[in-house]
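Here's the structure we're looking at; comments come further down.
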Amino acid sequence: MEPGRSRPAHRSRDGRDRDACVRAAQRATSTIPIVITAHDPVGMGFVQSFAHPGGNITGVAFQDAELSTKRLDLLRESVPRLSRAAILWHKEGSGTGSVQAVEASARGLGIQVLVLEIREPQDFAKAVASAKSWGAQGLVQLASPFITRHRAPA
């Protein structure tokens, strides 16, 4: 998603719009502190920056971008001649910031990536088939409650 473009609101398991809850609280008060946990509060437009959030929202941000690039590093250690990797992601999880971080890391390592977005459970088989036909030597799954919820049992 490009900076400045609006993005769809995330929905919780019960169908409630999580972004709307925070935005409603943000509109309702500028003096009561609002504490959130989010993957990318800056990208979501809740705060101006980590250093200077501005307003009354604070909280914890998951460092998914750093963890996502570490997943690529671990794959590279497992496959020393890695030149092609598929990246599996869902918007409910790490988000575009993590995808971009992995793409940048891959470029620096000379690894080509194929980014595969999962939107619904049926996409898993298609994504793996696409990765295989593209010649991926490994797959990096970015953090996502959706992907975790729909993974195959061990």
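Heads up: the sequence shown begins at 125 in this note's numbering, then just goes up one per residue. Where is the CB? At the ideal position from N, CA and C, for every residue including glycine. Remember, it's a predicted structure, so these values are computed and weren't measured experimentally.
Exercise for the section: Would you identify the three-state DSSP class for Gly221, choosing helix, strand or coil? Expected result: Counting from 1 along the sequence shown, the entry for residue 221 is found at position 97. Gly221: helix per DSSP, three-state reduction.
Problem - Alpha-carbon to alpha-carbon, Leu233 and Leu263 - result: As a working note, residue 263 is residue 139 in the sequence shown. As a working note, residue 233 is residue 109 in the sequence shown. The alpha-carbon atoms of Leu263 and Leu233 are separated by roughly 16 Å.
Practice task
Could you tell me the distance, in whole angstroms, from the CA atom of Glu227 to the CA atom of Gly179?
Solution key: Taking the first residue of the sequence shown as position 1, residue 227 is located at position 103. Taking the first residue of the sequence shown as position 1, residue 179 is located at position 55. Distance between the alpha carbons of Glu227 and Gly179 is about 32 Å.
Handout entry: Local conformation of Thr75 per DSSP, three classes
Key = Any question about residue 75 goes unanswered here, given that the chain covers just 125 to 278.
Exercise for the section: Identify, in the order they occur along the chain, each residue of the same chain with its Cβ nearer than 6 Å to the Cβ of Gly219, setting aside the five sequence neighbours on each side. Expected result: Within the sequence shown, residue 219 is the residue found at index 95, counting from 1. His163, Asp164.
Practice task
Answer yes or no: do Phe270 and Ile242 have a C-beta to C-beta separation smaller than 8 Å?
Solution key: Residue numbering aside, residue 270 sits at position 146 when the sequence shown is read from its first letter. Residue numbering aside, residue 242 sits at position 118 when the sequence shown is read from its first letter. A contact, by the Cβ cut-off of 8 Å.
Exercise for the section: For Arg280, I'd like the list of residues in its chain whose CB is within less than 6 Å of its CB, leaving aside the five on either flank, ordered along the chain. Expected result: One cannot answer for residue 280 here, as it falls past the ends of the chain, which runs 125 to 278.
Handout entry: Sequence-distant residues of its chain with Cβ nearer than 7 Å to Ala148 (five each side left out)
Key = Start at 1 with the first residue of the sequence shown, and residue 148 comes out as number 24. No residues qualify anywhere along the chain.
Exercise for the section: Return the chain-ordered list of same chain residues with a C-beta closer than 8 Å to the C-beta of Thr155, the five sequence neighbours on each side being excluded. Expected result: Translated into the one-based positions of the sequence shown, residue 155 becomes position 31. Around Thr155: Asn180.
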